[in-house]
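In full-length UniProt numbering, the protein residues as written are 1 to 370. Built from N, CA and C at the ideal position, the CB exists for glycine as well. Since this is a predicted model, take the numbers as computed values, not measurements.
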């Protein structure tokens, strides 16, 4: 019988060694490797409950517990849907201390996959042989964008995959347009730590591209009084989970994501959804060379109650360039959606999973965060 193993940063670890931690004195490990192997050891030894930290992108990070049964149910559902089979190779390049990376490990174990694990960097394929036939991988948008920009010779490797999952952050119109050249299906995920990663997918490229999410089998969804999504299934221990995500429910298994309930800005008595405004700004930036990252936020205003401000990353635009940007924004935004001021941050503060921390970025600029 062939011994099972995984590779982590180019080092080979056999499952029986991981379960017994028998490699500890012979192979030097960094912190990321130790944390990854600790989870693997717990999984191989049958641990039934796992503490997991939320990302903290929308508030203070917290630790919750998920059962082995929840993680297994989520993993089997994804493997089945994407037709990933035993022996397929999976690239794991997300932080394994958080749910997205952790679930890639679980899928690897449950699906009996060949696991290549690398530390999360902007272009993870740089750490993988170009001859490796990867069948399945999950990226944050920044990683896939970096691969396309920095290593176009690797697009063939992407094309040969059964599926690519994209999650952890919104996808910009520029990125979605860029990914149309990828032949393998690229799916944007919807989910959270509390649901053991995604419970719905929407295809971003090809003939199946859609603006709505399709819910995975045997997951029940609904709406609460606020119009926010509710979720129930084996991944929630069959308990009703109420989210803060405003959605348009199209069918019992299909929804369109609108934005977070706590991202509604009341400006001059008009309710504005942050995500809708940011999409319009992204459209205005489509043809902008080296378009910066950005977000909008409310700031106190004596007349409006709250005014919308635009926060851009990097050096300040020249006055003419900023004026041209605002002129383009008026093509996509209504008058009450337009930012009233622009602020510049040299570098956005990020969470451990690479998401922009709006609160901490605003704090650095001395701006209001409530």
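How would you label residue i, buried or exposed, when you count the other beta carbons within 10 angstroms and need 16 or more for buried?
i, result
"residue 27", "exposed"
"residue 64", "exposed"
"residue 16", "exposed"
"residue 143", "buried"
"residue 177", "exposed"
"residue 207", "exposed"
"residue 180", "exposed"
"residue 202", "buried"
"residue 250", "exposed"
"residue 94", "buried"
"residue 221", "buried"
"residue 330", "exposed"
"residue 108", "buried"
"residue 47", "exposed"
"residue 157", "buried"
"residue 280", "buried"
"residue 120", "buried"
"residue 369", "exposed"
"residue 242", "exposed"
"residue 149", "exposed"
"residue 3", "exposed"
"residue 175", "buried"
"residue 270", "exposed"
"residue 357", "buried"
Below 8 Å on the Cβ atoms is my contact criterion, and I expect residue i with residue j to pass it. Report the Cβ-Cβ distance as a whole number of Å.
i, j, result
"residue 236", "residue 195", "6 Å"
"residue 265", "residue 308", "6 Å"
"residue 159", "residue 182", "6 Å"
"residue 283", "residue 295", "That belief does not hold up - the Cβ atoms of residue 283 and residue 295 are roughly 15 Å apart, past 8 Å."
"residue 117", "residue 36", "6 Å"
"residue 102", "residue 137", "The pair is not a contact, with the Cβ atoms about 15 Å apart (cut-off 8 Å)."
"residue 122", "residue 151", "With 8 Å as the limit, residue 122 and residue 151 do not qualify as a contact, their Cβ atoms being about 11 Å apart."
"residue 128", "residue 43", "Going by Cβ atoms, the distance from residue 128 to residue 43 rounds to 23 Å, so no, they are not a contact pair."
"residue 23", "residue 39", "Incorrect: roughly 15 Å between the Cβ atoms, too far for contact."
"residue 325", "residue 173", "Residue 325 to residue 173, Cβ: 15 Å. No contact."
"residue 169", "residue 355", "6 Å"
Of the residues the options, which one's Cα is nearest the Cα of residue i?
i, options, result
"residue 350", "104, 293, 10, 297", "293"
"residue 311", "356, 283, 85, 344", "344"
"residue 115", "205, 7, 306, 38", "7"
"residue 340", "299, 149, 97", "299"
"residue 290", "306, 269, 315", "315"
"residue 33", "9, 23, 14, 199", "9"
"residue 130", "154, 148, 324, 29", "154"
"residue 367", "306, 335, 328", "306"
"residue 219", "165, 228, 191", "191"
"residue 21", "29, 270, 41, 5", "41"
"residue 347", "50, 332, 365", "365"
"residue 288", "270, 302, 301, 323", "323"
"residue 49", "68, 332, 104", "68"
"residue 352", "200, 97, 104", "97"
"residue 77", "51, 252, 61, 104", "104"
"residue 253", "301, 302, 297, 199", "199"
Between the beta-carbon of residue i and the beta-carbon of residue j, is there less than 8 Å?
i, j, result
"residue 248", "residue 263", "no"
"residue 184", "residue 226", "no"
"residue 90", "residue 113", "yes"
"residue 45", "residue 75", "no"
"residue 267", "residue 304", "yes"
"residue 70", "residue 245", "no"
"residue 186", "residue 167", "no"
"residue 217", "residue 256", "no"
"residue 313", "residue 272", "no"
"residue 171", "residue 204", "yes"
"residue 197", "residue 99", "yes"
"residue 240", "residue 232", "yes"
"residue 82", "residue 163", "yes"
At a Cβ threshold of 8 Å, is residue i touching chain D?
i, result
"residue 132", "Protein chain content of the structure displayed is limited to a single chain, and chain D is not contained in it."
Pairs of beta-carbons, one from the segment 43-56 and one from the segment 74-93, closer than 8 Å: are there three or more? no
Should the segment 358-370 be called in touch with the segment 315-333, which here means at least 3 C-beta pairs below 8 Å? no
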